[in-house]
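Heads up: the sequence lines are chains P and W, in that order.
Per the UniProt record's numbering, the first sequence starts with residue 1, numbered consecutively.
Per the UniProt record's numbering, the second sequence starts with residue 1, numbered consecutively.
2 protein chains.
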Amino acid sequence: MLFILLDYMILFLRQLKFIQRQNLFILKVILIFMSLKVSDIGEKELVRYIIANSKKITPDDAAITPFYNSNLISTCDMLIQSRHFPKNMSYYDMGFKSVTVNVSDLAAMGAKPLGFLLSMAIPKNLEVDNFKEIVGGVLKACDYYSIPLIGGDTNEASEIIISGTALGLCDNPLMKNNYKKDDLIAITGDIGLAALGFEIDDLDSIYVKHALRPKARINEGQILKKYGATSATDITDGLASELYEIKKDGFGFMIHEELLGITDEYKNLASNLNLDYLDLVFHIGEDFELLFTISKENLEKLPIEYKVIGIVSDSDVIELTLENGFVEQIKNKGYEHYVGE
Amino acid sequence: MLFILLDYMILFLRQLKFIQRQNLFILKVILIFMSLKVSDIGEKELVRYIIANSKKITPDDAAITPFYNSNLISTCDMLIQSRHFPKNMSYYDMGFKSVTVNVSDLAAMGAKPLGFLLSMAIPKNLEVDNFKEIVGGVLKACDYYSIPLIGGDTNEASEIIISGTALGLCDNPLMKNNYKKDDLIAITGDIGLAALGFEIDDLDSIYVKHALRPKARINEGQILKKYGATSATDITDGLASELYEIKKDGFGFMIHEELLGITDEYKNLASNLNLDYLDLVFHIGEDFELLFTISKENLEKLPIEYKVIGIVSDSDVIELTLENGFVEQIKNKGYEHYVGE
Chain P
1 MLFILLDYMI LFLRQLKFIQ RQNLFILKVI LIFMSLKVSD IGEKELVRYI
51 IANSKKITPD DAAITPFYNS NLISTCDMLI QSRHFPKNMS YYDMGFKSVT
101 VNVSDLAAMG AKPLGFLLSM AIPKNLEVDN FKEIVGGVLK ACDYYSIPLI
151 GGDTNEASEI IISGTALGLC DNPLMKNNYK KDDLIAITGD IGLAALGFEI
201 DDLDSIYVKH ALRPKARINE GQILKKYGAT SATDITDGLA SELYEIKKDG
251 FGFMIHEELL GITDEYKNLA SNLNLDYLDL VFHIGEDFEL LFTISKENLE
301 KLPIEYKVIG IVSDSDVIEL TLENGFVEQI KNKGYEHYVG E
Chain W
1 MLFILLDYMI LFLRQLKFIQ RQNLFILKVI LIFMSLKVSD IGEKELVRYI
51 IANSKKITPD DAAITPFYNS NLISTCDMLI QSRHFPKNMS YYDMGFKSVT
101 VNVSDLAAMG AKPLGFLLSM AIPKNLEVDN FKEIVGGVLK ACDYYSIPLI
151 GGDTNEASEI IISGTALGLC DNPLMKNNYK KDDLIAITGD IGLAALGFEI
201 DDLDSIYVKH ALRPKARINE GQILKKYGAT SATDITDGLA SELYEIKKDG
251 FGFMIHEELL GITDEYKNLA SNLNLDYLDL VFHIGEDFEL LFTISKENLE
301 KLPIEYKVIG IVSDSDVIEL TLENGFVEQI KNKGYEHYVG E
């Protein structure tokens, strides 16, 4: 679109044999049209650019650095108040979530937590008590995940920004795409609860609790690795987005709606809010459950709760068998920053 | 001050035997006065609070995690466009500096770099070319410091925020305060150049170059450790602030102005800008040189450039011998966020 417009303008310039001062203005217009904004290309494209330009980045949930006879697993994630914290979220929960999002990436690799670094920026008029509540949430989460807070740094900003780094250890990290045909696709818990929670005001609702204080599946990740899961990733940007994230050429997935465990209550609540329940389940995310693949034999031995939701095929497409028996392709749509609203 | 006001208001309430609805309003006023803001206590106090509440934090330049037969050294630092990047700084330099500030903490521990993680947030209307310039600066800095970029994540924010994490290895980290009486105090290069550079517009000036593209002393840090330096820290918040940072009970420092290498040109430029050159040298920082202590014997063998600026004493104060022979105490004043303007 931009380039068509650009071609048109150059043609226009040539026709007019423009050599006067007006040129300058028109050239400026062209330059404005030429300069792509990051919102034109989207977050995933930006990350792809960084990965393409660094030889050492692992395109997985976390970085893997060979270290003595093991691997150092490291990951960082930044949360920004206006983008990542719902309005009804407490300061304590902000702190807790900033640890969860990072530990969740360790969980997806099957790593054992080693340490957490906290870099936060807060407005200078924030009350000291609120600052302490954030730190309290961070510390409680560190205790919950048995990951010591090993370093920290504070800054001033116009809103709360919490950037965490989680470090872990792992001998054979669980990668995103080592699955084979006929492996089962499963998740470690309920899905879509947080997505609905973001739309509800009742703080006592189970959905809101999932939205405001999600938990990372750190133990489950280590058990999945031990019991031979063939891949794993955490569900942050939505089930659909993560399925596309782990898809490799020549392989496809068939998901079955009836296996997703969507309750009538869930459907009713979504319907009352004029929301499509499948859209909530597939395209919002923030559940922090693990999506994993595993052979049938290994699944039977797995000592954790799980929900099989589908199977790996060689169809090269990602599809959903609806409850009514119809099959439709799942859209590659998830939560993404920058995308023009 | 706040508490005097509070006492006064409570007295006022008692005298009036206030039990009406107005109570509510006045109680609200009291509560507002009672709630301390983070700007009331300052950044160092906030960091102290975090350290006091986590048993695992090393109160040094970077975190130390025992790891196999060595130590994993990790540090994170967040740079925010409106606070840390001068207006004339290029996108490339923003990227470069975000690596430098983190690697500098590794340098201060004498660590060998292992990997760098980049978490950045950018406005959605940022041009893609500018995004690429930031990433270009990050990658060039990683090459310069021989630290691979191992992971990254992007986000949307209203201004550019770059949070980096540097990971390193070190057998016996160089701590902040293992010095003895009569150890010499030295720095790895010139001091105060960046501080003057922030005040000058001429991009070709050596001072501006130091301000816009500082370099971390990563090799020097490793050499200092190898040659028996007794402590080291990087000069980010100003020489005075760092001297107070490394001070331990019962020890003091005597710094000599004539050893600081302040040129006449420097003094003249400062004077023309109506600035106190000693204030620039002591209280601004951002030089990223290493401040270190070492015994006289070990200093003689040191194969790097350095400048001895003073000596460790048992005076319990930090003093400066001026060029005119007078001695004055150095103020504990450095760059600090939140402090009310």
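Glycine is no exception: its CB is placed at the ideal position from the N, C-alpha and C atoms.
Check, Outcome
"Assigned secondary structure, Phe18(W) (DSSP; H/G/I helix, E/B strand, else coil)", "Here Phe18(W) scores only 48 on pLDDT, less than 50, and its place in the model is too uncertain to base an answer on."
"is_contact[Arg48(W), chain P] using C-beta, thresh 8 Å", "no"
"DSSP beta-bridge partners of Ala194(P)", "Ala194(P) pairs with nothing; no bridge assigned."
"Spatial neighbours of Lys112(P) in its chain, beta-carbon cut-off 7 Å, leaving aside the 5 residues before and after", "Gly168, Leu169, Cys170, Gln222"
"Inter-residue spacing [alpha-carbon to alpha-carbon] between Met94(W) and Gly164(P)", "20 Å"
"Other residues of its chain near Phe216(P): CB distance less than 6 Å, five sequence neighbours each side excluded", "Checking the sequence shown, residue 216(P) turns out to be Ala, not Phe. Same-chain partners within the cutoff: Thr100, Val103, Ser104, Ala107, Phe288."
"Candidates Tyr207(W), Ser313(W), His84(W): closest to Gly250(W) by CA position", "Ser313(W)"
"Listed by chain order, chain P residues near Phe131(W) by CB distance under 7 Å", "Val38, Leu46"
"Member of Gly151(W), Lys132(W), Ile160(W), Thr263(W) whose CA lies at the smallest distance from the CA of Ile191(W)", "Thr263(W)"
"Exposure label - Phe85(P); buried when at least 16 CB within 10 Å", "buried"
"For Lys112(W), the residue or residues it bridges with in DSSP", "Leu169(W)"
"Nearest residue (CA-CA) to Tyr179(P), options Ser74(P), Lys37(P), Ser271(P), Gly228(P)", "Gly228(P)"
"Where Pro214(P) falls, given that 16 or more other Cβ within 10 Å makes a residue buried", "buried"
"Neighbourhood of Asp183(P) by C-beta distance below 7 Å, restricted to the same chain and skipping five residues each side", "Thr230, Thr293, Ile294, Ser295, Val312"
"Nearest residue (CA-CA) to Ser205(W), options Tyr145(W), Leu259(W), Leu269(W), Pro66(W)", "Leu269(W)"
"Boundaries (first-last residue) of the alpha helix (DSSP H) holding Gly250(P)", "Where Gly250(P) is concerned, there is no enclosing alpha helix (DSSP H), given that its DSSP letter is neither H nor E."
"Under 8 Å between C-beta atoms of Gly238(P) and Phe198(P)", "no"
"Any C-beta of chain W under 8 Å from that of Tyr68(P)", "yes"
"Three CB pairs or more closer than 8 Å across the stretch 250-261 of chain P and the stretch 152-159 of chain P", "no"
"Cβ shell of Pro59(P) (< 7 Å), same chain only, five flanking positions each side left out", "Ile51"
"Near-chain P residues of the stretch 64-95 of chain W - C-beta to any C-beta below 9 Å", "Ile64, Thr65, Phe67, Tyr68, Asn69, Ser70, Leu72, Ser74, Thr75, Cys76, Asp77, Met78, Leu79, Ile80, Ser82, Arg83, His84"
"Minimum Cβ-Cβ distance from Ile57(W) to chain P less than 8 Å", "yes"
"Cutoff 8 Å: Ile150(P) Cβ touching any chain W Cβ", "yes"
"Neighbour list for Ala157(W) in chain P, Cβ cutoff strictly below 7 Å", "Ile80"
"Distance, Ile304(W) Cα to Ser82(P) Cα", "48 Å"
"Span of the alpha helix (DSSP H) around Ser90(P)", "From DSSP, Ser90(P) is part of no alpha helix (DSSP H); its letter is neither H nor E."
"Within-8 Å CB hit, Gly334(P) to chain W", "no"
"Below-8 Å beta-carbon distance, Ala62(P) vs any chain W residue", "yes"
"Counterpart residues of Val327(W) in DSSP-defined beta bridges", "Thr321(W)"
"Residue burial classification, Ser39(P) (beta-carbon count within 10 angstroms, cutoff 16)", "buried"
"Contact check, Gly115(W) vs Ala63(P), beta carbons under 8 Å", "yes"
"Residue burial classification, Tyr68(W) (beta-carbon count within 10 angstroms, cutoff 16)", "exposed"
"Below-8 Å beta-carbon distance, Ser241(W) vs any chain P residue", "no"
"For Ile80(W), the three-state DSSP class (helix, strand or coil)", "strand"
"is_contact[Asp237(W), chain P] using C-beta, thresh 8 Å", "no"
"Members of the stretch 202-230 of chain P near chain W, C-beta cut-off 7 Å", "none"
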